[in-house]
């Protein structure tokens, strides 16, 4: 059920059951992803741990920044249907995770040009999605993995102006197929724990960032 700008997800694909769900909700969730995986005989299931992690994170943000966040990127982008329900109960309105969890097409189809493949991926990825389950609606966005990794791992080794020009060119090219349809393109750029900034040259605090 796809609508312009907002698409509805009734259930998340099994691929989404990762770290937070496994360690805090139930270890046997992994069986939904990899049936051949050897799991502990005793199922570790403590969803209250996941609730507590989210609650503490929200409270810490509010103490530090003076306002409670309406959305979160969970640790390692770890989301599942169960985690979405927990988050909605805490008043979270949206979550972000990686595009690898979105089901967005990334492999070109037979006889499809590279430009057509980019357009198909962008049209699917650069949307706001809505999960509706257990009367706990939540919006979802999926980060552009490639653009995020360029900042996290590549641009620190390039001259700043060259890196900025490359990033803006990639951003425009990626978003153009969506903009050409007369729609806004939602392009999440999110770094998940990559301590990238220590590898960037020190900048004068009084100078404006190039980007």
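Numbering (our numbering), first residue to last: 1 to 211.
Glycine residues also receive a C-beta, built at the ideal position from the N, C-alpha and C atoms.
### Query
Going by the beta-carbon positions, is the gap between residue 100 and residue 145 smaller than 8 Å?
Yes.
query: In its own chain, which residues sit with a C-beta less than 7 Å from the C-beta of residue 179, not counting the 5 before and 5 after it?
result: So the list reads 185, once near-sequence residues are dropped.
What three-state label does DSSP hand residue 153 in the structure shown? Collapsing the DSSP output to three states places residue 153 in a helix.
>> Do residue 148 and residue 189 have their beta-carbon atoms positioned less than 8 Å apart in this structure?
In response: In contact: residue 189 and residue 148 (Cβ atoms closer than 8 Å).
**OP:** State the Cα-Cα distance for the pair residue 94 and residue 102, rounded to the nearest angstrom.
**Re:** C-alpha of residue 94 to C-alpha of residue 102: approximately 15 Å in a straight line.
Practice item. Could you pull the start and end residues of the alpha helix (DSSP H) that residue 38 belongs to? Key: Taken as a continuous stretch (DSSP letters only), residue 38 belongs to no alpha helix (DSSP H), as it is neither H nor E.
* How should residue 207 be labelled, buried or exposed, when 16 other C-beta atoms within 10 angstroms of its C-beta is the threshold for buried? -> In this prediction, residue 207 scores a pLDDT of 44, lower than 50, which makes its location untrustworthy; no coordinate-derived value is stated.
Exercise. With which residues is residue 71 paired in a DSSP beta bridge?
Worked result: Under DSSP, residue 71 forms a beta bridge with 94.
* Tell me whether residue 142 is buried or exposed, calling it buried when 16 or more other Cβ atoms sit within 10 Å of its Cβ. => Under this definition residue 142 is a buried residue.
Q.
Between residue 84 and residue 131, how many whole angstroms is the CB-CB distance? I'm expecting something under 8 Å.
A. 5 Å between Cβ atoms; contact.
**Prompt:** The alpha helix (DSSP H) with residue 61 in it runs from where to where?
**Reply:** Here the alpha helix (DSSP H) through residue 61 covers 47 to 65.
Just to confirm, is the Cβ distance from residue 68 to residue 136 under 8 Å?
For residue 68 and residue 136, no; Cβs fall outside 8 Å.
Using CA coordinates, which residue listed in 45, 156, 71 is at the minimum distance from residue 196?
Nearest of 45, 156, 71 to residue 196, Cα basis: 156.
| task | Mind checking which residues open and close the alpha helix (DSSP H) that includes residue 214? | result | What is shown of the chain runs 1 to 211, which leaves residue 214 out entirely.
Going by CA-CA distance only, name the one from 55, 166, 121 that's closest to residue 175.
With distances taken between Cα atoms, residue 175 lies closest to 121.
Residue 47 to residue 78 span [Cα, whole Å]: When rounded, the distance between both Cα atoms is 14 Å.
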